[in-house]
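**Q** Residue numbers (my numbering), protein chains in the order written: chain A, 3 to 79; chain B, 3 to 79; chain C, 13 to 160; chain D, 13 to 160.
We put the CB at the ideal spot given by N, CA and C, even for glycine.
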Amino acid sequence: MHINIKYFGQIAEITQKEAETLEFSGNLVSDLLEVLNSKYENLKNKDFKVAQNQELVSFETELSGQDIALLPPFAGG
Amino acid sequence: MHINIKYFGQIAEITQKEAETLEFSGNLVSDLLEVLNSKYENLKNKDFKVAQNQELVSFETELSGQDIALLPPFAGG
Amino acid sequence: MKDKKPMKSVFKEGAITSEFIGNSIYKHQTKTSIGAHNIFLGQVRADDIDGKIVSAIEYTAYEDMANQKFHEIRESAFEKFELTCMHIYHSLGTVKAGEICLFVFVSSPRRKVVFEALEYIVEAIKADVPVFGKEIFEDESHQWKVNS
Amino acid sequence: MKDKKPMKSVFKEGAITSEFIGNSIYKHQTKTSIGAHNIFLGQVRADDIDGKIVSAIEYTAYEDMANQKFHEIRESAFEKFELTCMHIYHSLGTVKAGEICLFVFVSSPRRKVVFEALEYIVEAIKADVPVFGKEIFEDESHQWKVNS
Numbered sequence: 003m004h005i006n007i008k009y010f011g012q013i014a015e016i017t018q019k020e021a022e023t024l025e026f027s028g029n030l031v032s033d034l035l036e037v038l039n040s041k042y043e044n045l046k047n048k049d050f051k052v053a054q055n056q057e058l059v060s061f062e063t064e065l066s067g068q069d070i071a072l073l074p075p076f077a078g079g
Numbered sequence: 003m004h005i006n007i008k009y010f011g012q013i014a015e016i017t018q019k020e021a022e023t024l025e026f027s028g029n030l031v032s033d034l035l036e037v038l039n040s041k042y043e044n045l046k047n048k049d050f051k052v053a054q055n056q057e058l059v060s061f062e063t064e065l066s067g068q069d070i071a072l073l074p075p076f077a078g079g
Numbered sequence: 013m014k015d016k017k018p019m020k021s022v023f024k025e026g027a028i029t030s031e032f033i034g035n036s037i038y039k040h041q042t043k044t045s046i047g048a049h050n051i052f053l054g055q056v057r058a059d060d061i062d063g064k065i066v067s068a069i070e071y072t073a074y075e076d077m078a079n080q081k082f083h084e085i086r087e088s089a090f091e092k093f094e095l096t097c098m099h100i101y102h103s104l105g106t107v108k109a110g111e112i113c114l115f116v117f118v119s120s121p122r123r124k125v126v127f128e129a130l131e132y133i134v135e136a137i138k139a140d141v142p143v144f145g146k147e148i149f150e151d152e153s154h155q156w157k158v159n160s
Numbered sequence: 013m014k015d016k017k018p019m020k021s022v023f024k025e026g027a028i029t030s031e032f033i034g035n036s037i038y039k040h041q042t043k044t045s046i047g048a049h050n051i052f053l054g055q056v057r058a059d060d061i062d063g064k065i066v067s068a069i070e071y072t073a074y075e076d077m078a079n080q081k082f083h084e085i086r087e088s089a090f091e092k093f094e095l096t097c098m099h100i101y102h103s104l105g106t107v108k109a110g111e112i113c114l115f116v117f118v119s120s121p122r123r124k125v126v127f128e129a130l131e132y133i134v135e136a137i138k139a140d141v142p143v144f145g146k147e148i149f150e151d152e153s154h155q156w157k158v159n160s
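1) Flag L53 (chain D) as yes if its beta-carbon sits less than 8 Å from any beta-carbon of chain C, otherwise no.
2) Would M3 (chain A) be called buried (16 or more neighbouring beta carbons within 10 Å of its own) or exposed?
3) Along chain D, which residues have their Cβ under 8 Å away from the Cβ of Q71 (chain C)?
4) In three-state terms, what does DSSP make of M13 (chain D)?
5) Does chain A have any CB closer than 8 Å to the CB of F32 (chain D)?
6) Taking beta-carbon pairs under 9 Å, can you tell me which members of the stretch 35-46 of chain D lie near chain C?
7) Going along the chain, which residues of its own chain have a beta-carbon closer than 7 Å to the beta-carbon of E87 (chain D), five neighbours each way excluded?
8) I believe C113 (chain D) touches G79 (chain A) by the beta-carbon criterion, under 8 Å. Please report the beta-carbon distance rounded to the nearest angstrom.
9) Out of B:A14, B:E25, B:L65 and B:T23, which has the shortest C-alpha to C-alpha gap to A53 (chain B)?
10) Using a Cβ cut-off of 7 Å, pull out every chain B residue sitting near G145 (chain C), in sequence order please.
11) Check V34 (chain C) in the structure and name its three-state DSSP category.
12) Give the secondary structure of L95 (chain C) by DSSP, where H, G and I count as helix, E and B as strand, and everything else as coil.
13) Give, in chain order, every residue of the stretch 128-145 of chain D whose Cβ lies closer than 9 Å to some Cβ of chain A.
14) Nearest-angstrom Cα distance between T106 (chain D) and Q55 (chain C)?
15) Quick check on DSSP: helix, strand or coil for G54 (chain D)?
16) What does H154 (chain C) touch in chain D if you count any residue whose Cβ is under 9 Å from its own?
17) In this structure, how does DSSP classify G105 (chain C) when only helix, strand and coil are distinguished?
18) Between which two residues does the beta strand (DSSP E) harbouring S119 (chain D) extend?
19) Assuming A129 (chain D) is part of the alpha helix (DSSP H), what are its boundary residues?
20) Who are the neighbours of D76 (chain D) on chain A, taking C-beta pairs under 8 Å?
21) What would DSSP say about S27 (chain B), mapped onto helix, strand or coil?
22) Check whether chain C comes within 8 Å of G26 (chain D), counting only Cβ atoms and requiring the distance to be less than that.
23) Can you list the residues of chain D that H102 (chain C) reaches, using a CB-CB cut of under 7 Å?
24) Are V134 (chain C) and R123 (chain D) close, meaning C-beta to C-beta below 8 Å?
25) I'd like to know whether the C-beta of V158 (chain C) is nearer than 8 Å to at least one C-beta of chain B.
26) At the 8 Å Cβ level, is C113 (chain D) part of the contact set with chain A, yes or no?
27) F10 (chain A) by DSSP, collapsed to three states: which one?
28) Does H83 (chain C) come within less than 8 Å of chain D when only Cβ atoms are used?
29) Less than 8 Å separating the beta-carbons of Y42 (chain A) and I7 (chain A)?
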């Protein structure tokens, strides 16, 4: 399936892009992260959460949506 | 002794004055209030606190200061 | 950096305007150690009491004692909380419904502090400061306000 | 009288000015059921981090998700607290040290409500809304801000 991935803040600094679309066949969020970790070496040590269709999900969640976002620590206000 | 008495808010409405000086020989705040209660009939049913030299005191406090104030319920803010 | 001025009057004649408040906020933009401001505003309500509408409150105070109490509240808040600055203004005289009669402004590097400090200060003002309010109805009759 | 508007963006480009805040206060003077306002302002601190001074924060956000979260916070606050109205504004882009990046404004007939509601809303914003802050130092290096 096609997955649209968005990157923000310090994560976008590492990926050097704000978004990309990947062709992907795994089941879980963690499967996708494995792919991203090998693609972007410096991602591993970074603190981030994952949103699927604009809701935070655990890494063990099944991939159901096409919109995935990697969100570094929030700093609002 | 001379006592300066200040009246505020609805208490001043009853006494029809904001201040007066009384010549008084009692010991306690309550003694003074007895005098005032007979002078101003409608004072009896009113809710108020007494400040002596700008500090709230109980009615059993000894009169030590010359400045007494009768303070109806506070309504700041 | 603490803004501890000598005791001065907290009272202002008439309503506190939104321009005054905006200007007070503006003045704090040079204080770059501040991370959080918290502001309380008391506004006169057009309460409906047995069919009569409050059109204004006329404030009076035992001014000397009130300023002394405001000063004590201020000192005690600076002792309890790590505040960068604190400002309190209260109206005297007539304040119409919809207008502002109390302005309390606290600032600190961190937000948790301002929440605690502001509530502490406002509750102390309501409880301890001898200010009296005459609620004027539209028909010019009145009743005396009591804090709850 | 509840001011429940349809979902709209909370974000504003650049700093939130004291004029904007003053004007927002002014607009509430026609709402005469209000007795208490409580306002939180987040201001950018010129923090000293290992000898380097923060001169600005550059804010970005996952805007769609953030506006959805702001909307949920708003709905949940109206459910929990008896509020007359509520306004939230957050900056995007560059906000200099001393300038205001967050403005939360709640109003109610009674004061107890506004204290509880404001703290609830501000904490929810800090915890749940995907906004990111790049702290720019005077030498143009940077680090990423993390809420504590």
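**A** Result, derived from the coordinates:
1) Residue contact with chain C for L53 (chain D): present (Cβ-Cβ distance below 8 Å to some residue of chain C).
2) Of the other Cβ atoms in all chains shown, fewer than 16 fall within 10 Å of the Cβ of M3 (chain A); this residue is therefore exposed.
3) Reading off the sequence shown, one finds Tyr at residue 71 (chain C), where the question assumed Gln. Within chain D, no residue comes near Y71 (chain C); the closest Cβ sits about 15 Å away, beyond 8 Å.
4) Because the pLDDT of M13 (chain D) is 44, which lies under 50, any placement of that residue in the model is unreliable, and the number read from its coordinates should be weighed accordingly. Under the three-state reduction of DSSP output, M13 (chain D) falls in the coil class, being neither helix nor strand.
5) F32 (chain D) does not count as touching chain A.
6) The residues in question are N35, S36, I37, Y38, K39, H40, Q41, T42, K43, T44, S45 and I46.
7) The answer is none, since no qualifying residue turns up.
8) Indeed, because the Cβ distance is near 7 Å, the residues count as touching under 8 Å.
9) When only C-alpha atoms are compared, the closest one is B:L65.
10) A77, listed in chain order.
11) Reading off the sequence shown, one finds Gly at residue 34 (chain C), where the question assumed Val. In the displayed model, G34 (chain C) falls within a helix according to three-state DSSP.
12) The answer is coil: DSSP assigns L95 (chain C) none of H, G, I, E or B.
13) Cβ contacts with chain A come from V134, I137, K138, A139, D140, V141, P142, V143, F144 and G145.
14) The C-alpha of Q55 (chain C) is placed about 34 Å away from the C-alpha of T106 (chain D).
15) Per DSSP, reduced to three states, the secondary structure at G54 (chain D) is strand.
16) H154 (chain C) does not reach chain D, its nearest Cβ partner there being about 18 Å away, counting only Cβ pairs nearer than 9 Å.
17) Three-state result, G105 (chain C): strand.
18) Secondary structure note for S119 (chain D): its beta strand (DSSP E) is the uninterrupted segment I112 to S120.
19) Looking at the DSSP string, the run of the alpha helix (DSSP H) that includes A129 (chain D) is R123 to D140.
20) In chain order: Q56.
21) DSSP places S27 (chain B) in coil when its eight states are reduced to three.
22) No, its Cβ sits nowhere closer than 8 Å to a Cβ of chain C.
23) Chain D residues near H102 (chain C): none, gap ~14 Å exceeds 7 Å.
24) Yes.
25) Chain B has a Cβ within less than 8 Å of the Cβ of V158 (chain C).
26) Yes - at least one Cβ of chain A is within 8 Å of the one on C113 (chain D).
27) Looking at F10 (chain A) - three-state DSSP - the assignment turns out to be coil, as it is neither helix nor strand.
28) Under the Cβ criterion of 8 Å, H83 (chain C) is not counted among the residues facing chain D.
29) Contact: no.
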